[in-house]
Structures are given as structure tokens and as C-alpha cells.
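Undergrad: In the numbering used here, the protein residues as written are 4 to 124.
#1: Give, in chain order, every unbroken run of the alpha helix (DSSP H) that is at least 4 residues long and sits entirely within the region 5-63.
#2: In the DSSP assignment, the alpha helix (DSSP H) including residue 78 goes from what residue to what residue?
#3: Answer yes or no: the CB of residue 14 versus the heavy atoms of the ligand COA, is any distance below 8 Å?
#4: Should the region 91-102 be regarded as contacting the region 112-119, the criterion being three or more beta carbon pairs within less than 8 Å?
#5: Rounded to the nearest angstrom, how far is the Cβ of residue 51 from that of residue 29, given a contact under 8 Å?
#6: Please return the same chain residues whose Cβ sits closer than 7 Å to the Cβ of residue 75, not counting the five positions on each side in sequence.
#7: Taking the alpha helix (DSSP H) that residue 105 falls in, what are its first and last residues?
#8: Is it the case that the region 45-60 contacts the region 7-27, given that we only count it when at least three CB pairs across the two stretches are under 8 Å?
#9: At which residues does the beta strand (DSSP E) containing residue 68 begin and terminate?
#10: Could you tell me if residue 102 is buried or exposed, where buried requires 16 or more neighbouring beta carbons within 10 angstroms of its beta carbon?
#11: Along the chain, where does the beta strand (DSSP E) containing residue 96 start, and where does it finish?
Encoded structure:
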């Protein structure tokens, strides 16, 4: 719900690029993208599987694609997307004293995006 709410029209992003090293984002991505959205699987978590409700995936026409390799042009294009502000990576900075609560959130599967640990806090 937070991912969809972060888009201007509340419908979710047109695409999700999955570079995660864990399985859970692969399970969640289809619910984040808008109807006719594309989920591109780039990361390769060991032994991970993709599982999504068939009815919802078909009705909303969500497409899954895999991307195993890229070239310099692909990298330049991705960096251009970032430079133009088309890629938003949710993150939160926390102090070292909050690390245990971050581990608790990770274990509960309640982290969307990344946490950055600032060791000076």
C-alpha cells in the first residue's frame, strides 16, 4: 500500500526492478505494480521461487521478465533513469543503537527498501 501511495496517481509504479538478494520482494512485487505493470527479475537469490495469485496476476495483466545479463548501454540507460529521478529507492537511516530493532523487522519481513546503519549515532 505504501509503494502504491508513493506514486502520483496512487496506482503503483509501471515497473519494478528486483535486484534483491532475498526471496520476499519477489513474492511482493506483483502487488506493487499497477495494472499492466512489469516486474523485472534481475537479482538471483539462492533457491528463491516466485509465487503470485494467478487470478489477480492475469486480471491485472502483470508481466514478469527475467534479465540475466546487461551491457554498458543498459548500465548507462539505468543510470540515466536514476539521474532523471525515475528510480526511487526507499531507505531509512538508523543509529547503531537501533540495530536490534532492524533485525527484528527483518525477521518479521516488515522491511520495504533498505536500512542504512549510521555508526556515529
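The beta carbon of each residue, even a glycine, is placed where N, CA and C say it ideally should be.
Given the structure is predicted, the values throughout are model-derived calculations rather than measurements.
TA: The answer reads as follows:
#1: Entirely contained in the region 5-63, the alpha helix (DSSP H) runs reaching 4 residues are, in chain order, 5-8, 27-35 and 57-62.
#2: Following the DSSP letters along the chain, one finds residue 78 inside the alpha helix (DSSP H) bounded by residues 75-86.
#3: What this structure holds is no ligand at all, so the ligand COA is not there to describe.
#4: Under the three-pair Cβ rule at 8 Å, the region 91-102 counts as touching the region 112-119.
#5: Contact between residue 51 and residue 29 holds: CB atoms are separated by about 6 Å, below the 8 Å threshold.
#6: Answer for residue 75: no residue qualifies.
#7: Here the alpha helix (DSSP H) through residue 105 covers 102-111.
#8: Enough Cβ pairs lie closer than 8 Å, so yes.
#9: Unbroken beta strand (DSSP E) run through residue 68: 66-69.
#10: Here residue 102 is exposed: its Cβ has fewer than 16 other Cβ atoms, across all protein chains shown, within 10 Å.
#11: First-last of the beta strand (DSSP E) with residue 96: 94-98.
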